[in-house]
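Each residue of the sequence shown is one higher than the one before, starting from -12 at the first, in our numbering.
Here is the structure we will look at.
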Amino acid sequence: MSDGEERGRIAFYRFARVVITGSCRLLFDVRVTGKEHVPASGVFIVAPSHRSLLDVPITGAITPRRIRFMAKESLFTTKFGAWLFSTLGAIRVERGTTDRGALRASQAALEAGEPLAIFPEGTRREGPVLGDLFDGAAYVALKLGVPIVPVGIGGSEQILATQRVLPRLHRVRVVVGEPLRPAAAVGTVRRSDVTALTAQLRERLQCCFDEARAGAGVP
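Written out as structure tokens, the structure reads:
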């Protein structure tokens, strides 16, 4: 891809972000606290809670920089979908497999200087308690020595839950927590270190999620 094409994609992302996040603020009163925890420069992994399809555009409200997102393979099956999500910087992932290509693309995005979002619960869940977290975010963070920024999103499940077809209005609160800053692994990433970092992420993300839900008026 040429530099001009890449600049065009970034410009499109910024335009789409302004339109979509602006619409979300207007419709759902989206408010973000803890923006000071988002690194002003350098790369990082964004680790949001996941209760709704709206969590993807809502997460984009935490920073004007382009955030690369993991996206399921089915979103790329049409020409329009492939163009749209590729232009927005999505990284396609084949669910249910160990997608080494997606892992390499994730690392490449970070190494190129762009933040990367990984939903550590893997897919949309329900309720106030986080589901089991996958180790992908912790593994990549340890491998490259980049911070993980936990992001709790409260209220999105009330707007558009997994089984709901039509959205309804509800306020949304986003809470950005203090980053976890692991040192880069020397040599092979140890399983024990990945497990420990995932446990730390779960604790911090649950706190952010609890605060976001309370702020959104979710019982």
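All residues carry an ideal CB built from backbone N, CA and C; glycine is no exception.
Cβ-Cβ distance between residue i and residue j below 8 Å
i, j, result
"F31", "P166", "yes"
"A48", "V17", "yes"
"A291", "L192", "Missing from the structure shown is residue 291; the chain here goes from -12 to 206 and no further."
"L75", "A3", "yes"
"H24", "V161", "no"
"V152", "I45", "no"
"V205", "G100", "no"
"V80", "K59", "yes"
Paired residues, beta bridge with residue i - DSSP
i, result
"V138", "P35, V163"
"I78", "M57"
"R18", "R160"
"E104", "Contrary to the premise, residue 104 reads as Ala rather than Glu in this sequence. In DSSP, A104 forms a bridge with V33, F56."
Neighbour-count burial assignment, residue i, 16 or more Cβ in a 10 Å radius
i, result
"L41", "buried"
"S143", "buried"
"R87", "exposed"
"Q150", "exposed"
"T175", "exposed"
"S39", "buried"
"T64", "exposed"
"S36", "buried"
"R189", "buried"
"V19", "buried"
"E108", "buried"
CA nearest to the CA of residue i, picked from the options
i, options, result
"V181", "A125, A48, V43", "A125"
"P134", "G164, V152, I140", "G164"
"G21", "A99, P206, A199, G204", "A199"
"R178", "H157, C194, L129, E60", "L129"
"S61", "C11, T50, L13, S73", "S73"
"L131", "P137, A172, G114, R53", "A172"
"I105", "E190, A92, G(-9)", "A92"
"L208", "G68, R52, I146", "The first residue shown for the chain is -12 and the last is 206, placing residue 208 beyond what the model contains."
"A170", "V127, L156, G202", "V127"
"T8", "T50, A95, A203, R168", "T50"
"T185", "I146, G123, K59, P206", "G123"
"L156", "C194, F196, A203, R189", "A203"
Residue interval of the alpha helix (DSSP H) (run including residue i)
i, result
"D119", "Where D119 is concerned, there is no enclosing alpha helix (DSSP H), given that its DSSP letter is neither H nor E."
"A199", "178 to 202"
"G132", "Premise fails: G132 is in no alpha helix (DSSP H) and is neither H nor E."
"Q145", "143 to 146"
"Q46", "Note that residue 46 is Thr in the sequence shown here, rather than Gln. Unbroken alpha helix (DSSP H) run through T46: 42 to 46."
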